[in-house]
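S.K.: Taking this note's numbering, the leading residue of the sequence shown gets 1, the next gets one more, and so forth. Glycine is no exception: its CB is placed at the ideal position from the N, C-alpha and C atoms. The following block contains the structure, expressed as structure tokens.
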Amino acid sequence: MEALIHIEAYTVAAYRAIRPAIVATNIGYFGVSGLLISAKIKTKDYSYLVDVVNQAAEDAGVERSEYSIVLMEMHKA
């Protein structure tokens with residue numbers, strides 16, 4: 001199964017903290033449009049990606065209200 005996830009940064013600080021961490025995971029395909037980061041990953045990697053995003057934000061001092069993680073859809077690969 002694959003999942004399509006959107007990570008929406010509401011501030012530039014959130015975007016700058018989260019984007020490099022997501023790309024470094026190398027667990028799927030990523031795209032960026034403005035402050036929106038889309039990820040197409042295996043469903044089993046969803047929790048890991050959420051942990052990476054939350055940890056990167058925390059390390060940078062970004063509040064949880066400055067970004068959101070939305071599971072858009074899941075489908076068979």
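(1) Helix, strand or coil: which one does DSSP assign to residue 46?
(2) Would you kindly work out how many angstroms separate the C-alpha atoms of residue 52 and residue 70, rounded to a whole number?
(3) Do you know whose CA, among 61, 64 and 45, lies nearest residue 1's CA?
(4) Go ahead and label residue 66 buried or exposed: buried means 16 or more other beta carbons lie within 10 angstroms of its beta carbon, across all protein chains shown.
(5) So, is residue 12 buried or exposed, given that buried needs 16 or more other C-beta atoms within 10 angstroms?
M.R.: In this structure, then:
(1) helix
(2) The straight-line gap from Cα to Cα measures roughly 15 Å.
(3) For residue 1, the closest of 61, 64 and 45 by C-alpha to C-alpha distance is 45.
(4) buried
(5) exposed
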